[in-house]
Amino acid sequence: MKRLRDIIAGQSVFCLPRGTSCLEAARYMAERHLGAVPVLEGDLLVGMFSERDLMSRVVARGLDPKTTPIGQVMTKEILVGEADEAVETALAKMKQKNVRHLPVVEGNQLIGMASLPDLLLLEVTLKDEEIRMLTAYIHYVPPGASRRAGAGSGE
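Under this note's numbering, the first residue of the sequence shown is numbered 1, with each subsequent residue one higher.
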């Protein structure tokens, strides 16, 4: 069973301080191909700023992205995953809360991010491996045995 820590191992942790302007955050996210970024106050995770936040809380409200800090428009009620949490559990939580980005923490420390596409791809890969193993098991013929042996020829 894969854990969130297995998925984020070796990843860089991208995050921004809450005073960052929305424009700076958008540029930062675009350069790194990020759909969301954790927002920190010191070392404390205080929110998430996503493309959806930018569109619905900044652009749609007519706020100036140059002067609006992400701390003012970020999502404050955030769902987090624990490092040792099973991927299946994390996926279920994300589906229930309709989120696509999950900050992964160990204690109070942010250690990475898991995205819905990454977790779903892992699930598909694991299921494919399981199907291959089961197929090989079903079709296994021990050495020296004939495929027809025990086939019920009716004789």
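Think of the CB as a built atom: it goes at the ideal place given N, C-alpha and C, for glycine as much as any other residue.
* Reduced DSSP secondary structure (H/G/I, E/B, other) of glutamate 155 -> At glutamate 155, the pLDDT of 48 sits below 50, so the modelled position is not reliable and the matter cannot be decided from this model.
* To do: Would you check if the distance between the CB atom of cysteine 15 and the CB atom of valine 39 is smaller than 8 Å?
  => Less than 8 Å separates the beta-carbon of cysteine 15 from that of valine 39.
* Between Arg100, Gln11, Met29, Ile111, which lies nearest to leucine 54 when the distance is taken from Cα to Cα? -> Closest in C-alpha terms to leucine 54, from the list Arg100, Gln11, Met29, Ile111, comes Met29.
* **Short Cβ contact (8 Å threshold) for isoleucine 7 with valine 87** => Judged by their CB atoms, isoleucine 7 and valine 87 are nearer to each other than the 8 Å cut-off.
* Helix, strand or coil: which one does DSSP assign to alanine 9? -> Of the three classes helix, strand and coil, the one that applies to alanine 9 here is coil, per DSSP.
* Secondary structure at threonine 75, three-state DSSP: helix, strand or coil? -> Threonine 75: strand per DSSP, three-state reduction.
* To do: Quick one: give me the first and last residue of the beta strand (DSSP E) that valine 58 is part of.
  => That residue, valine 58, is in no beta strand (DSSP E); it is neither H nor E in DSSP.
* **Cβ neighbour criterion (16 or more within 10 Å) applied to proline 143** => Looking at its Cβ environment, which holds fewer than 16 other Cβ atoms inside 10 Å, proline 143 is exposed.
* To do: Specify the secondary structure class of valine 46 as computed by DSSP and reduced to three states.
  => DSSP places valine 46 within a strand segment (E or B) once states are collapsed to three.
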